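Taken in order, the sequence shown gives residues 1 to 496; the numbers are from full-length UniProt numbering.
In what follows, a single structure is set out as structure tokens and then discussed.
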Amino acid sequence: MQTLSEKHACKGKLHAGTQPPRHVCVQGENACHHFAASFFFSRNDPTRDKLDPLVATIIYQFLTSEPLREVLGPTIIEAVRSNPGIFQLSFEDQLRKLVLEPCSNVDPQEWKNLPNLIVIDGLDECVLLPSQERLLLMIRQAIPGCPLIFLIASRPEPRICRAFEHEAFSLHLQRLAIGDSSESTQDITTFFHHRFAQLQDTHHAFRYIEISWPGENVIWELARRASGQFIFAETVMKYLENDDEVPTERLQAILRIRAEDLPESPYPELDLLYDQILQACPKWDEVSKILRLLLPHGIRVPSTLASRISIDWHVPQTPEFIAALFNFEPGKLQSLLFRLHSVIKVPSQKEEEIDILHASFTDYLLVPARSRAWHIEPYTESEFYDLLSQTFLRAISIRSQRYLQTMQSHTPQLPDEDTLYLSDVLGIRAGGEPPIFVVFDLIRDVVSPSDELIAALNQFDPYPFATWLLNWSAFHGRDNGVAYWMATITWAEVRS
1 MQTLSEKHAC
11 KGKLHAGTQP
21 PRHVCVQGEN
31 ACHHFAASFF
41 FSRNDPTRDK
51 LDPLVATIIY
61 QFLTSEPLRE
71 VLGPTIIEAV
81 RSNPGIFQLS
91 FEDQLRKLVL
101 EPCSNVDPQE
111 WKNLPNLIVI
121 DGLDECVLLP
131 SQERLLLMIR
141 QAIPGCPLIF
151 LIASRPEPRI
161 CRAFEHEAFS
171 LHLQRLAIGD
181 SSESTQDITT
191 FFHHRFAQLQ
201 DTHHAFRYIE
211 ISWPGENVIW
221 ELARRASGQF
231 IFAETVMKYL
241 ENDDEVPTER
251 LQAILRIRAE
261 DLPESPYPEL
271 DLLYDQILQA
281 CPKWDEVSKI
291 LRLLLPHGIR
301 VPSTLASRIS
311 IDWHVPQTPE
321 FIAALFNFEP
331 GKLQSLLFRL
341 HSVIKVPSQK
351 EEEIDILHAS
361 FTDYLLVPAR
371 SRAWHIEPYT
381 ESEFYDLLSQ
391 TFLRAISIRS
401 QRYLQTMQSH
411 TPQLPDEDTL
421 YLSDVLGIRA
431 GGEPPIFVVF
441 DLIRDVVSPS
451 DELIAALNQF
461 DPYPFATWLL
471 NWSAFHGRDN
481 GVAYWMATIT
491 WAEVRS
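Below you can see the structure in the form of structure tokens.
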């Protein structure tokens, strides 16, 4: 195994919060020539927080790379054709059959003219800790005769460090500690110069501010506080770029805070910056509910619901879904998160998901010693089902009342598709069995119902719903909807 030389590596602790893999190390013509594929772990993205998609992602990039497609494509395609269930095999078997064996079959001389760099970024963000060791074990075992270069970027977590200390790595491994150094400080200083120049060109406040702002001394002070962490520099600039605040005032607020206030924190300057950002955020009680949903939580949409509607196995984080979950008025979600754009990505497209931008902000919120008053925990599965149940109950009440009014003023008719499937309640399209039935299964999955859920059930008027439900059941010759409802009444009686 080989690594790129230091001149091809970005300097600065990118893994206080990770960046896209090409930004980690692939710089310069030589590095780009070597680049073959990458995978970026992210604990905030359930599609990239485990080993499962790694091999498929890498071979997809092999097959879409013009030089690699010709030499590796036939072998990879044949392996898939001969075993259509290959992606159900273990990670080790997938990597061996689809990556290592096809690469080993290519003549070593031919590899001299082929891209062979595999970038694996954010290994520490793989949420299953044993999987981190599994990946390193496979790479370690592949070293003899392997034509690939593996560049692995990670924070130095103890489990990962121990795996790299294995004697089999000793002859092949080159390490580059990307930390607080004069070179990283200079790089961050250059970054600040560039971004401050951009800010002066784009922010409306600079029509009234002298162009010499902020001054060389301030830039050097910010670079010193960054301690080699690009994430600090990036967050500072995004914080200053907020259109509804004056950048000079925000910068003064940053410069007033002192790291001595957090002697126990491993990243005192960054923590104080996050504290400053959250202090400017109004209505923390509501904002914290949103952030709890964005934290890595491991919650899965229950199979009783997922099998009946077209929803992914993970909890959606689209603006529409979150607004419905917390019963926000239109525009309220965006208003609550407006001052958090330096740490939260709020998409303009409703089908895109809201994300925490940096893993370091997630870490900050989860560690009480760092976040103190801002500390939050992710929702438990039961708490999430509680919220989801309240959402469906609100929607069912509105729809069934509307249906009853239609029945009284027009010729009786069946509920229409949207009414049955609640397809616009959470911004998802539905299919299969109507989730108006499933909601009562969902309620029974709540271990300890909140006062809000009990109140929602007490306020729920069953008569319009019963009319709605019985008409549907009679038309389809089914009574399962009634059974769901009766089971929920029994559940509520036990807990009342």
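For every residue, glycine included, the Cβ atom is placed at its ideal position computed from N, Cα and C.
Given the structure is predicted, the values throughout are model-derived calculations rather than measurements.
Other residues of its chain near residue i: CB distance less than 7 angstroms, five sequence neighbours each side excluded
i: tryptophan 111; result: Pro147
i: alanine 223; result: Thr185, Ile188, Thr189 and Phe192
i: arginine 140; result: His166, Ala168 and Phe169
i: leucine 336; result: Lys283, Glu286, Val287 and Ile290
i: leucine 404; result: Pro464 and Thr467
i: glutamine 459; result: none
i: alanine 37; result: Ile58, Gln61, Phe62 and Ile118
i: serine 371; result: Tyr364 and Leu365
i: leucine 240; result: Leu199, Pro247, Arg250 and Leu251
i: serine 450; result: Asp386
Residue nearest to residue i in terms of C-alpha spacing, selected from the options
i: threonine 248; options: Phe206, Leu293 and His358; result: Phe206
i: tyrosine 60; options: Phe87, Ser82, Asp49 and Pro46; result: Phe87
i: serine 389; options: Leu51, Leu453 and Ile356; result: Leu453
i: leucine 293; options: Leu98, Asn113, Ala369 and Ile356; result: Ile356
i: alanine 466; options: Pro347, Asp45, Gln401 and Leu72; result: Gln401
i: proline 462; options: Ser450, Ile376, Ile396 and Ala455; result: Ile396
i: leucine 98; options: Ala79, Val367 and Asn327; result: Ala79
i: leucine 151; options: Phe39, Ile344 and Arg339; result: Phe39
i: proline 108; options: Asp124, Ile120 and Gly145; result: Gly145
i: threonine 47; options: Trp213, Pro84 and Gln317; result: Gln317
i: alanine 373; options: Asp201, Leu393, Leu278 and Ser182; result: Leu278
i: leucine 325; options: Tyr379, Val367, His375 and Ser348; result: Tyr379
i: glutamine 349; options: Pro330, Phe328, Glu320 and Glu377; result: Glu320
i: serine 154; options: Gly122, Val218, Pro330 and Leu470; result: Gly122
Proximal residues to residue i (C-beta, below 6 angstroms), its chain only, five neighbours per side dropped
i: isoleucine 398; result: none
i: methionine 237; result: Arg195
Collapsed DSSP secondary structure at residue i in the structure displayed
i: alanine 280; result: coil
i: aspartate 469; result: With the sequence shown as reference, residue 469 is identified as leucine, and aspartate is not the correct amino acid for it. In this structure, leucine 469 counts as helix in the three-state DSSP scheme.
i: lysine 332; result: helix
i: aspartate 445; result: coil
i: phenylalanine 150; result: strand
i: isoleucine 59; result: helix
i: isoleucine 120; result: strand
i: isoleucine 398; result: helix
i: isoleucine 344; result: strand
i: isoleucine 356; result: strand
i: lysine 97; result: helix
i: threonine 64; result: coil
i: valine 127; result: coil
i: threonine 235; result: helix
i: glutamine 174; result: coil
i: tryptophan 374; result: helix
i: leucine 4; result: Interpretation of leucine 4 is limited by its pLDDT of 34, a score under 50 that renders its predicted location unreliable; the figure taken from the coordinates is listed afterwards. Leucine 4: coil per DSSP, three-state reduction.
i: glutamine 349; result: coil
i: threonine 362; result: helix
i: aspartate 52; result: coil
i: proline 435; result: Because proline 435 sits at a pLDDT of 49, beneath the cut-off of 50, its placement in the model cannot be relied upon, and the following sentence gives the value as read from the coordinates. Reduced to three states, the DSSP call for proline 435 is helix.
Range of the contiguous alpha helix (DSSP H) that encloses residue i
i: leucine 199; result: 182-202
i: phenylalanine 35; result: Here phenylalanine 35 belongs to no alpha helix (DSSP H); instead the beta strand (DSSP E) covers 35-40.
i: threonine 248; result: 247-256
i: aspartate 244; result: Here aspartate 244 belongs to no alpha helix (DSSP H), and DSSP marks it neither H nor E.
i: asparagine 458; result: 451-459
i: asparagine 217; result: 216-226
i: tryptophan 111; result: 108-111
i: phenylalanine 321; result: 319-325
i: alanine 205; result: Where alanine 205 is concerned, there is no enclosing alpha helix (DSSP H), given that its DSSP letter is neither H nor E.
i: isoleucine 160; result: 158-164
Proximal residues to residue i (C-beta, below 8 angstroms), its chain only, five neighbours per side dropped
i: threonine 75; result: Glu101, Pro102 and Asn105
i: leucine 270; result: Ala16, Gln229, Ile231, Phe232, Thr235, Ser360 and Tyr364
i: serine 382; result: Asp445, Val446, Val447 and Ser448
i: valine 71; result: Val106, Glu110 and Leu114
Anticipated Cβ contact below 8 angstroms, residue i with residue j, distance rounded
i: leucine 95; j: valine 127; result: That belief does not hold up - the Cβ atoms of leucine 95 and valine 127 are roughly 19 angstroms apart, past 8 angstroms.
i: phenylalanine 361; j: tyrosine 274; result: 6 angstroms
i: serine 42; j: aspartate 49; result: 6 angstroms
i: alanine 280; j: arginine 339; result: 5 angstroms
i: glutamate 221; j: leucine 272; result: That belief does not hold up - the Cβ atoms of glutamate 221 and leucine 272 are roughly 14 angstroms apart, past 8 angstroms.
i: leucine 442; j: tyrosine 385; result: 6 angstroms
i: isoleucine 344; j: leucine 333; result: The Cβ separation is near 11 angstroms, so there is no contact.
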